[in-house]
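J.: Quick one: the structure is below, and I'll ask about it shortly.
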C-alpha cells in the first residue's frame, strides 16, 4: 500500500472507495479478527485499524480480489518464516487469512490482519549510519529469500510490474501528453531489459520509509500490498527515491543521497550481489518511480475530473513537480554513480 508522505505526497483514499461508507463493515470484520476496540490509523489505498497487538487492513474488491491478497500473504509468510523482520499474517477466528463482507452497493469489503510491529515509521532524523546499513541489509535479505520463494500454485500469480494499472498512461488526465509519451517510452525501454532469476523476481516494490519501522535496534519491513514481479533493483530505486524526498531543507539533496548509498550499498552487498549493470539501470528506475507516482496522484486526487480533491495547500505543487520531472526525463537526485 503506497503511503503518501505528508508534505510531499499528501493523503487520500482512492476516490471510488472513499465515497463509500465503511463503518459497519469495519466493525464486523474487526470482530472476526478479534480486534474489537481497534482505532483507525487512516490509510491511502486501504483503511488501516490497530490494537496494541494487531493491525487490520481493509480494502474493497474495486481494488483487489480476495485471492490476490492471499497471494501477498503467502509471500509475506514465507519471508517472516525465514527470518526477515516482517509482520506475521494472522488468521481470523474462522481460520481464514482474508475475510470478506458484502457491500450492499456491489462487490465486497476485504480484510486481513498482521501482528503489530514494534517501533515507529522511519523519519529523516532516524537516518543514522546504523539505520541506513540496516536498510541495505534488510533489502538484500528480502531479495535472497525472494529468489527461493515458490508461489502457491492454487493462488493467482502476482502481476508483472508493467501491468500495474496506474502505468496505463492512457489514464493520465488531459494536458499531460508530453508526460504520457516520455513515460511510455521509458516503460517500453525497461520492459526489454534482459531478465534472469538473479536480477528479476517477486519484490516488495514500495520500500520507502513509511513502510519501515525502526525500534531502536531492528529495522522491520511491512506492507507487501504492492508486491510484484520486477527487477530487484527497483526496490533499491524506490528506497533512494524516498530518501531524496527526506533531504532536510537547505541541504544538498545529491550529497544527501550519495551519503545514503555509500552506506546502504555495501550493506546490501554483504548478503546479495548487485547485477553488473546496476549503475546504468538506476536512473531509469528512479524516473519510472516518478511516472508511477504521477499516475497514482492524478488518480487518487481525481486530477482533471469533477471529483478533483486537493485537500492541502501544497498538493497541486506536488503533482506539478512529478509532471515536470517526467516531462523532462529528470532524475530526482543527481547521484555520481561512478563513485559508488
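Numbering (our numbering), first residue to last: 2 to 341. We put the CB at the ideal spot given by N, CA and C, even for glycine.
Buried or exposed: which applies to residue 4, given that a residue is buried once 16 or more other Cβ atoms fall within 10 Å of its Cβ?
T.: Low confidence applies here, because residue 4 scores a pLDDT of 42, under 50, leaving its location unreliable; read the following figure in that light. The residue in question, residue 4, is buried, as its Cβ has 16 or more Cβ neighbours within 10 Å.
J.: Assign residue 140 to buried or exposed, taking buried as 16 or more other Cβ atoms, counted over all protein chains shown, within 10 Å of its Cβ.
T.: By the neighbour-count rule (16 or more Cβ atoms within 10 Å), residue 140 is buried.
J.: For residue 129, count neighbouring C-beta atoms within 10 Å of its own C-beta (all shown protein chains included) and say buried if the count is 16 or more, exposed if not.
T.: It is exposed - the Cβ of residue 129 has fewer than 16 other Cβ atoms within 10 Å.
J.: I'd like to know whether the C-beta atoms of residue 231 and residue 192 end up nearer to each other than 8 Å.
T.: Not closer than 8 Å, so no.
J.: Report yes if the CB atom of residue 203 is closer than 8 Å to the CB atom of residue 75, and no otherwise.
T.: Their beta carbons are not under 8 Å apart, which means residue 203 does not touch residue 75 by this criterion.
J.: Classify residue 90 as buried or exposed, calling it buried when 16 or more other Cβ atoms lie within 10 Å of its own Cβ.
T.: Flag for residue 90 reads buried.
J.: Verify whether the separation of the beta carbon atoms of residue 63 and residue 50 is less than 8 Å.
T.: No, the pair does not count as a contact, with Cβ atoms beyond the cut-off.
J.: Would you say residue 57 and residue 223 are within 8 Å of each other, going by their C-beta atoms?
T.: Taking 8 Å as the Cβ cut-off, residue 57 and residue 223 do not qualify as a contacting pair.
J.: Might you give, ordered along the chain, the residues of its own chain that have their beta carbon closer than 7 Å to the beta carbon of residue 332, omitting 5 neighbours on each side?
T.: The residues are 284, 287, 288.
J.: Check whether the segment 232-246 touches the segment 109-117, counting contact only when three or more Cβ pairs, one atom from each stretch, lie closer than 8 Å.
T.: In short, these stretches do not touch, since the Cβ pair count stays below three.
J.: Any heavy atom of the ligand GTP closer than 7 Å to the beta-carbon of residue 117?
T.: Judged by which ligands are present, the structure shown has none, so any question about the ligand GTP falls away.
J.: According to DSSP, is residue 320 helix, strand or coil?
T.: Looking at residue 320 - three-state DSSP - the assignment turns out to be helix.
J.: So is residue 1 buried or exposed if we call it buried at 16+ other beta carbons inside 10 Å?
T.: Limits of the chain in this structure are 2 at one end and 341 at the other, which puts residue 1 out of reach.
J.: At the level of alpha carbons, what is the spacing between residue 104 and residue 194?
T.: Rounded to the nearest angstrom, the two C-alpha atoms are 42 Å apart.
J.: Using a Cβ-Cβ cut-off of 7 Å (strictly less than) and excluding sequence neighbours within five positions of residue 238, which residues of its own chain qualify?
T.: 283, 286, 287, 290, listed in sequence order.
J.: Output the boundary residues of the alpha helix (DSSP H) element that contains residue 259.
T.: Run containing residue 259: 254-272, per the alpha helix (DSSP H) assignment.
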